[in-house]
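With positions in the sequence shown counted from 1, the corresponding number in our numbering is that position plus 112.
Quick notes on the structure that follows.
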Amino acid sequence: MAGIRADVEASPGTVFKDVINAPVLSVKDMSVSIKTDNGIVRAVRGVSFSLSQGKTLAIVGESGSGKTMTCKGIIGLLPPGGVIDNGTVTLCGLDVTRAHEKTMRQVRGFNVSMIFQDPLTSLNPTTPIGRQIEEMMVLHRPDMNESARKARVFEMLDLVGISNPAERIRQYPHQFSGGMRQRVMIAIALTLSPKLLIADEPTTALDVTIQAQILELMNDIQRKTNTAIVIITHNLGVVASVADHVAVMYGGRIIEEGGVENIFYSRKHPYTQGLLDSVPKINRAKERLFSIPGSPPDLVNPPEGCPFAARCGSRMRVCGSYVPPIMEFGGGHSAACWLYDKRATAPPSAVSATPMLS
Ligand SMILES: Nc1ncnc2c1ncn2[C@@H]1O[C@H](COP(=O)(O)OP(=O)(O)OP(=O)(O)O)[C@@H](O)[C@H]1O
Ligand code: SF4
Ligand SMILES: [Mg+2]
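Here it is, written out as structure tokens:
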């Protein structure tokens, strides 16, 4: 991975500290930038969150808000030119921003596994499905002999609900439907029983019925294995059916986070409000669909203050100049918005007497 690496190495499956009660994943103030021909993209800007075993965090937000780069930073697979330039990411007790690449190869698989945004093209078209599942074990589990690996392939196909495994393992990806291929991707990701599964838009390419099946499968697997899951999605319906906690991203930042109930029934941030207003309502089918006017910020030159200021109907003077503070509403619900800070709505004389946060 790009970024700072100290010489931290480990053997397969190590849980790096006493993490029995600690979160599986803890991200603190992480920033990611990507050097491109057009300048440095500030893809992730000071993101913090944590996730415990058996829980699901949904990351939502418009295209380009930094969802994928947050997750690729966590697993150490940023694109060329990408670095974590600030913060820490602690995964099963290991600060992955300081880990050696050799250690990270072990971590990916044993501790964390990611299903990428384009899963249907992630399978190798020229290799039978069984072999593709087995490869994870060939690479990472030299202690397993061929029959143990084969048994695990059958077990995984059973876990993800693919019947007739003896025939299926010999087939190629084109002989599987989209939903079945997604099940295979989940099987591959879970073969080594990682503590954390990251799924980037796992259902976007699937039709609605199959989406529901895959989400139910993920819920079911979580009940059986207690895996922590980070799911990235554009779809707030997906959030409602799988998540415990939600992080809303905009312009490379988390602008609101909270439990599912907080986000759906007592959201605080105008952007979250806009996202929820954009969801089609079944009883208002004939109404014109709302969409948030304007477009997301350019992350090569991110705005100075609130990233949403250019599109926000509640914008105040302070919003364009100062990054909003994170306001806590209790029970893990918070939002980064000046609307909830008395200093922003106080008379100008009071504001100038109080130093603003940056
Ligand atoms: N390989 C790359 N090289 C340079 N910039 C990139 C690269 N991948 C993403 N970016 C930029 O990083 C920022 C965050 O992108 P990211 O892919 O994390 O967005 P996202 O929220 O996952 O969007 P989407 O919903 O479209 O997948 C964007 O400004 C994007 O243009
Ligand atoms: S900080 Fe200001 S611009 Fe940003 S969302 Fe809140 S009110 Fe709108
Ligand atoms: Mg993405």
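The beta-carbon is built from N, C-alpha and C at its ideal position, and this holds for glycine as well.
*Is the closest heavy atom of ligand 3 to the C-beta of ASP312 under 7 Å?*
yes
*Taking only runs that begin and end inside the region 283–356, name each unbroken alpha helix (DSSP H) of 4 or more residues, in chain order.*
290–302, 320–337 and 348–354
*asked:* So, under 8 Å CB-CB, VAL172 and VAL159 are touching, yes? Tell me the CB distance rounded to an integer number of Å.
replied: The pair is not a contact, with the Cβ atoms about 14 Å apart (cut-off 8 Å).
_Rounded straight-line distance, which links the Cα of GLN287 to that of GLU247_ = 19 Å
*Got a sec, what are the start and stop residues for the beta strand (DSSP E) ALA456 sits in?*
That residue, ALA456, is in no beta strand (DSSP E); its alpha helix (DSSP H) goes 454–457.
*Return the first residue and the last residue of the alpha helix (DSSP H) that TYR243 is part of.*
First, the residue type needs correcting, since residue 243 is Arg and not Tyr in the sequence shown. First-last of the alpha helix (DSSP H) with ARG243: 241–252.
_Whether GLN244 touches ASN236 by CB criterion (8 Å)_ = yes
*asked:* Going by beta-carbon coordinates alone, are LEU308 and VAL136 separated by less than 8 Å?
replied: yes
_Continuous alpha helix (DSSP H) stretch holding ASP255: start and end_ = Counting along the chain, ASP255 falls outside any alpha helix (DSSP H), and DSSP gives it neither H nor E.
*With a Cβ-Cβ cutoff of 8 Å, do PRO314 and ILE227 count as a contact?*
With respect to ILE227, PRO314 sits close: the two C-beta atoms are nearer than 8 Å.
*asked:* Assuming contact is defined by CB atoms lying nearer than 8 Å, are MET268 and LEU304 in contact in what I supplied?
replied: no
*asked:* Since THR384 and GLU368 should fall inside the 8 Å C-beta cutoff, what is the C-beta to C-beta distance between them, to a whole number of angstroms?
replied: 5 Å
*So which of GLN218, ALA260, ALA352 and LEU387 has the shortest CA-CA distance to GLU373?*
When the alpha-carbon of GLU373 is set against those of GLN218, ALA260, ALA352 and LEU387, the nearest one is in ALA352.
*Beta carbon of MET428: closer than 7 Å to some heavy atom of ligand 2?*
yes
_For ligand 2, I want to know if ALA359 counts as a neighbour, meaning its beta carbon is within less than 7 Å of at least one of the ligand's heavy atoms._
no
*Sorted by chain position, which residues of the same chain lie with C-beta nearer than 6 Å to TYR452's C-beta, five sequence neighbours on each side aside?*
Taking TYR452 as the centre and dropping the five residues before and after it, the same chain places the C-beta of MET439 closer than 6 Å to its C-beta, in chain order.
_Using only CA atoms, which one of ARG427, GLY363 and PRO437 lies nearest to PRO408?_
GLY363
_Stretch-stretch touch, CB-based, cutoff 8 Å, three pairs: the region 417–425 with the region 327–334_ = No, the region 417–425 does not touch the region 327–334.
*From LYS336 to ASN223, what distance separates their C-alpha atoms?*
17 Å
*Is ASP389 buried or exposed, if buried means 16 or more other CB atoms sit within 10 Å of its CB?*
Under the 10 Å beta carbon count, ASP389 is surrounded by fewer than 16 other beta carbons and is classified as exposed.
*asked:* At a threshold of 7 Å, does GLN229 count as lining ligand 3 (C-beta to nearest heavy atom)?
replied: yes
*For the region 180–195 and the region 139–149, state whether three or more C-beta atom pairs, one from each stretch, are separated by less than 8 Å.*
Because the criterion of three Cβ pairs below 8 Å is met, the region 180–195 and the region 139–149 touch.
*GLU279 lies in the alpha helix (DSSP H); which residues open and close that run?*
277–280
*Same chain, Cβ closer than 8 Å to LYS167, five either side skipped, listed in chain order*: ALA340, ILE341, ASP356 and HIS357
_Limits of the alpha helix (DSSP H) - the one that ASN374 falls within_ = It spans 372–377 - the alpha helix (DSSP H) in which ASN374 sits, taken as one unbroken run.
*Should ASP141 and ASN198 be called a contact, given that it needs their Cβ atoms to be closer than 8 Å?*
It is a contact, given that the beta carbons lie within the stated cut-off.
*Euclidean distance between Cα positions of THR316 and ARG423*: So the alpha carbons of these two residues sit roughly 26 Å apart.
*Would you list the one or two residues that DSSP bridges to ILE202?*
Note on identity: in this sequence residue 202 is Thr, with Ile being the wrong assignment. For THR202, which the question treats as bridged, DSSP gives the partners SER138 and ASP207.
*Should PHE161 go down as buried or exposed, given a rule of 16 or more other Cβ atoms within 10 Å for buried?*
buried
*Who sits around ligand 1, taking every residue whose Cβ is closer than 5 Å to one of its heavy atoms?*
ILE146, THR148, VAL153, ALA155, SER175, GLY176, SER177, GLY178, LYS179, THR180, MET181, PRO191 and LEU411
*Using DSSP with H/G/I as helix, E/B as strand and the rest coil, what is ASP389?*
helix
*Per DSSP, GLU369 forms a beta bridge with which residues?*
ALA359 and SER446
*Report yes if the CB atom of MET428 is closer than 8 Å to the CB atom of ALA447, and no otherwise.*
no
*Does DSSP put GLU174 in a helix, in a strand, or in coil?*
coil
*With 16 other Cβ atoms within 10 Å as the buried cut-off, status of GLY221*: buried
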